[in-house]
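See below for the structure under consideration.
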Ligand SMILES: NC(=O)c1ccc[n+]([C@@H]2O[C@H](COP(=O)([O-])OP(=O)(O)OC[C@H]3O[C@@H](n4cnc5c(N)ncnc54)[C@H](O)[C@@H]3O)[C@@H](O)[C@H]2O)c1
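Numbering (the numbering used here), first residue to last: 876 to 1171.
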């Protein structure tokens, strides 16, 4: 098992920020990188605020929160972030081309012993691994949103992932405070496949006028005991991220995953969820953020 001391996180959006937060709290030197300087600035203030909130709630001591924050570094290029890392966790938007580009680059920059992980919600780690010279060192680390609060980590074994890499990912996940499940690669893994199906069906129902978004959410929460309704959840996840997942599942698993036209329309309108101030619902308190992942 690799001795991980430094973790680089590529992409400082919704997920990258939370992964960096949990990694730093787990005791790792953590380097967060993004192509947008603004994303890094927002990440820094959000991580600080979330650490402070954890202290207020008595979940973390002030000393541990400060120590975690001091283990965080911010980098403006993949090269700067990944060169010294023992583990890299990629969290850029859910587009295969972007991930392949980054893994090709990481494979050149990183030491041969460095484990390369992706936080992809659905894409094939085997396909991503195939563009590198280290397919045995590629693994999926699928975290959940918001990462600093959600307990589960799905670890995904690609065709050629070796035991050492798997053990490294499991060990790091546990030190980050997560409960781990290990699964064999399949589109959408366990959670995204089921979640995408429910969320897509909810959009079909909304577009058919069967019920309001509020009532569909209420029905699933009070009738099926879901902690969040499908629309509340997709606004948190990002409608663009959900659409990318559905497009991939549609391509790999067939017709039952065809994205609902209303979801496609919302994404085209820039209604991406909480991060853009408006998704299915409106979030007037949130300032719209640049939305580079809006395509698709
Ligand atoms: N949002 C969720 O709830 C959720 C849950 C689990 C997994 N995921 C997965 O996590 C990944 C990231 O999703 P997200 O919701 O955080 O997306 P996001 O759009 O919030 O953030 C992506 C970040 O990556 C940056 N980026 C884009 N290209 C880059 C590059 N070449 N180099 C460095 N940074 C780059 C963007 O500027 C942005 O800040 C996706 O694969 C997604 O499927 C998302």
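The C-beta atom is built at its ideal place from N, Cα and C for all residues, glycine as well. The model shown is predicted, which means the values in this text are computed figures rather than measured ones.
Boundaries of the alpha helix (DSSP H) around residue 1068: 1066-1082. Straight-line measurement puts the Cα of residue 1028 at about 15 Å from the Cα of residue 896. Between residue 1149 and residue 1115, the alpha-carbon positions lie close to 12 Å from each other.
Put simply, the backbone Cα of residue 947 is about 24 Å away from that of residue 974. 1041 is the residue among 988, 1041, 1069 whose C-alpha sits nearest the C-alpha of residue 1056.
Minimum Cα-Cα distance from residue 1050 among the listed residues 888, 903, 891, 939 corresponds to 903. Look at residue 992 here: in three-state DSSP terms it is strand.
With a cutoff of 6 Å, residue 1029 does not count as near ligand 1, since its C-beta is closer than that to no heavy atom of the ligand.
With distances taken between CA atoms, residue 934 lies nearest to 1024 out of 953, 1129, 1024.
The three-state reading of DSSP puts residue 975 in helix, counting H, G and I together.
Inclusion of residue 891 and residue 884 in the CB contact set at 7 Å is warranted, their separation being smaller than that value. Contact check for residue 1124 and residue 1071: beta-carbon distance about 6 Å, within the 8 Å limit, so the pair qualifies.
Per DSSP, reduced to three states, the secondary structure at residue 1015 is strand. Within the model, the alpha-carbon separation for residue 964 versus residue 1098 is close to 37 Å. Residue 1087 has its alpha-carbon roughly 12 Å from the corresponding atom of residue 1105. The straight-line gap separating the alpha-carbon atoms of residue 1083 and residue 1067 is approximately 24 Å. For residue 1120, the enclosing alpha helix (DSSP H) stretches over residues 1114-1128.
Within the region 879-956, the runs of beta strand (DSSP E) that reach at least 3 residues and sit entirely inside it are, in chain order, 881-885, 904-908, 947-950.
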